[in-house]
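S.K.: Numbering (my numbering), first residue to last: 682 to 849. The following block contains the structure, expressed as structure tokens.
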């Protein structure tokens, strides 16, 4: 009989200590997760804002300005020219740049190049030269990850060639 009472006390203490130790896992009042309804409202407001901008551009009859590069350093352009020269036309034709783009770039730029996630630029409006594009993919820029060491040099050049197709 004594063993049963001791066992019950031990189990009770274990449960009590578990409850006390888990009490610290509650989120404090200053931080909370947004509800699905709040998240949906923010997303729809963002889309509505983008649509209004597009409507204003259409009404004014102006085409959106293509995105320009603020200037690529000469050493990066030099490296890009070296990478482009090292890739033969035959090897370029054998590569699958669309697949590479989907694997590495679409997460931020979208499959069509115009998604603009995480500060990504709209590639359908880009006016970068091939050299500037290769340099930017190779070295990165701003929030964009440098892909040297992630992609092969030939793949970087192939993806940069593919970007021309997104502009059509």
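Beta carbons: idealized from backbone N, C-alpha and C, even for Gly. Keep in mind the model is a prediction, meaning the values are calculated, not measured.
Checking the sheet assignment: what are the DSSP bridge partners for residue 829?
M.R.: BP columns for residue 829 point to 832.
S.K.: By how many angstroms is the C-alpha of residue 799 removed from the C-alpha of residue 842?
M.R.: Their Cα atoms are separated by approximately 23 angstroms.
S.K.: Closer than 8 angstroms by C-beta to residue 776: which residues in its own chain qualify, once you throw out the five before and the five after it? Chain order, please.
M.R.: Same-chain partners within the cutoff: 835, 836, 839.
S.K.: Which residues in the same chain as residue 827 place their Cβ atom closer than 7 angstroms to its Cβ, once the five residues preceding and following it in sequence are excluded?
M.R.: These residues qualify, in order along the chain: 819, 820, 821.
S.K.: If you reduce the DSSP assignment to three classes, tell me which class residue 769 lands in.
M.R.: Reduced to three states, the DSSP call for residue 769 is coil.
S.K.: Nearest CA to the CA of residue 803: which residue from 787, 831, 779?
M.R.: Measuring from the Cα of residue 803, the nearest candidate turns out to be 787.
S.K.: So, for residue 781: in the same chain, excluding its five sequence neighbours on each side, which residues have a beta-carbon less than 8 angstroms away from its beta-carbon?
M.R.: Excluding positions up to five away in sequence, the list reads 832, 836, 839, 840, 843.
S.K.: Would residue 769 be called buried (16 or more neighbouring beta carbons within 10 Å of its own) or exposed?
M.R.: That one is exposed.
S.K.: Can you tell me where the alpha helix (DSSP H) holding residue 788 begins and where it ends?
M.R.: Segment 787 to 790, the alpha helix (DSSP H) holding residue 788.
S.K.: Just curious, the alpha helix (DSSP H) that residue 801 is in, first and last residue?
M.R.: Residue 801 -> no alpha helix (DSSP H), and no H or E assigned at all.
S.K.: Report back the beta-carbon spacing between residue 794 and residue 810 to the nearest angstrom; my notes put them in contact at under 8 angstroms.
M.R.: With 8 angstroms as the limit, residue 794 and residue 810 do not qualify as a contact, their Cβ atoms being about 17 angstroms apart.
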